[in-house]
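These notes are about the structure you will find just below.
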Amino acid sequence: MAKMTAIEFQEKHARRLSAAVDDVRKGIDKVTVNPCELAAAKQSKMLANLTTAVNDGRWAAGLRRVSLDDWKRKARDVGAGRIPAGITAAKAKVIAFAEQLLPHIDAGQEKIKGMPDITLEDNIARMTDFIRHMANFKRSK
Numbered sequence: 001m002a003k004m005t006a007i008e009f010q011e012k013h014a015r016r017l018s019a020a021v022d023d024v025r026k027g028i029d030k031v032t033v034n035p036c037e038l039a040a041a042k043q044s045k046m047l048a049n050l051t052t053a054v055n056d057g058r059w060a061a062g063l064r065r066v067s068l069d070d071w072k073r074k075a076r077d078v079g080a081g082r083i084p085a086g087i088t089a090a091k092a093k094v095i096a097f098a099e100q101l102l103p104h105i106d107a108g109q110e111k112i113k114g115m116p117d118i119t120l121e122d123n124i125a126r127m128t129d130f131i132r133h134m135a136n137f138k139r140s141k
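Start counting the sequence shown at 1; every next residue gets the next number (full-length UniProt numbering).
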């Protein structure tokens, strides 16, 4: 028999983790190797484990544990409230991305300006050309 209920477990977990935020920050500052580089070095392991989880049904079962109502509630009540802080923190990344994306868009638009635009087929060709142009966009960093 469990020594504590699930509710007691959650309350204790939340209380202790909330009190440990300073320790978490200090731990982050002590990291000396980029965890993203370590993860990238293990991509074959990630692919193998994800493939196994998809093939044995765990991946789908995990997704199905969240109902539409649960997803909406969490997205609305938790996620949406984090958007302002997230986009503010991402300012430099968004600018760096836009510095690469916007010239690429401009180049694609310039290219299709010179294409015929009279018929439906002309417009479909212009659209297709622009979509292919955008599909070739690759960030340099």
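All C-beta atoms, glycine included, are put in the ideal place defined by N, C-alpha and C.
Straight-line Cα distance separating Val54 from Phe9: 30 Å
At what residues does the alpha helix (DSSP H) containing Asn49 begin and finish? Gln43 to Asn55
With Lys111 and His133 assumed to form a contact (beta carbons below 8 Å), what rounded beta-carbon distance in angstroms separates them? 7 Å
Looking at the C-beta of Ala135, does it have a partner C-beta in chain C at a distance below 7 Å? Here there is only one protein chain, and chain C is not present.
Beta-carbon within less than 8 Å of Met46's beta-carbon, same chain only, minus the 5 sequence neighbours each way: which residues are those? Ala39
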